[in-house]
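Peer 1: Taken in order, the sequence shown gives residues 76 to 273; the numbers are from the numbering used here.
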Amino acid sequence: AFANINNTIRLREGKLLVRLSDLLEGSPDAVLRAIAHILLAKMYRKPIERNHATRYRRYVSSHHISEKAHLLRQMRGRKRIETAQGRIYNLESVFDDLNVRFFYGLLARPQMTWSRDHARNSLGHYDPAHNAIVVSRVFDHSRVPRYAVEYIVYHEMLHLKHPVKLRGSRRCVHSAEFQAEERVFPDLERAKQFLQLL
């Protein structure tokens, strides 16, 4: 969940080498102590004390750190945008159609793109740092019904409308509101059945 927060520890020639993510610059001493405990425990394969794990998780889940991670990702990350026009389906027209049907045309269209490969493990995702919806190219095929493509795009549009919320130290990706709106999609069951066959 915290791909940008990479902390490492190594023992080389009797010296400890520790690298902390720059996201943690200026962290409180208590958090730094928790990180030190966690890294040493991992290095020596010892159990991590719950209070240290909780303190660290709470801190990196905080709104402040999430915002910082988001900004760093925008500055450093590169999103390869292929094209919205596939061989069979145009993702921009799918988005625009769904926007009118379900969102009163109020959602601003993000960048729409097919993935570079025919991924089956990630059917689609919304990337808030680059304001892009990416759909697996596996769906750009004549044997794939339009309602399946629409469902993937609709699901990602809900991520656009209902951003990830932090509840304590937990990230809530599919809120109750998100799930209720997802059930509004008329071909939900048919689409889910089709996805299981992929």
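C-beta: ideal position from N, C-alpha, C; glycine also.
Report the residue ranges of all alpha helix (DSSP H) runs contained in full by the stretch 100 to 138; include only those spanning at least 4 residues, in chain order.
Peer 2: List check, alpha helix (DSSP H) in window: 104 to 118, 125 to 135.
Peer 1: What's the gap between the Cα of ARG212 and the Cα of LEU98?
Peer 2: 34 angstroms
Peer 1: Leaving out five residues before and five after VAL209 in sequence, what residues of the same chain have Cβ atoms less than 6 angstroms from its Cβ?
Peer 2: THR188, SER190, HIS200
Peer 1: Flag this pair as yes or no: are the beta carbons of LEU233 and PHE214 separated by less than 8 angstroms?
Peer 2: Not a contact, by the Cβ cut-off of 8 angstroms.
Peer 1: Once the 5 residues before and after GLY161 are set aside, which same chain residues still bring their CB inside 6 angstroms of it?
Peer 2: TRP189, ASP215
Peer 1: Considering only the beta carbon of each residue, do TYR226 and LEU166 sit closer than 8 angstroms?
Peer 2: no
Peer 1: Can ASN82 and SER102 be called in contact, C-beta distance under 8 angstroms?
Peer 2: no
Peer 1: Taking all protein chains shown into account, decide if LYS121 is buried (16 or more other Cβ within 10 angstroms of its Cβ) or exposed.
Peer 2: exposed
Peer 1: With burial defined as no fewer than 16 other Cβ atoms inside 10 Å of the residue's Cβ, what is the status of ARG94: buried or exposed?
Peer 2: exposed
Peer 1: Per the DSSP calculation, GLY31 is bridged to which residue(s)?
Peer 2: In the structure as shown, the chain begins at 76 and stops at 273. Residue 31 is therefore absent and cannot be evaluated.
Peer 1: Within this structure, are the beta carbons of VAL228 and PHE170 separated by less than 8 angstroms?
Peer 2: The answer is yes: Cβ separation under 8 angstroms.
Peer 1: Is ARG87 helix, strand or coil when you go by DSSP?
Peer 2: strand
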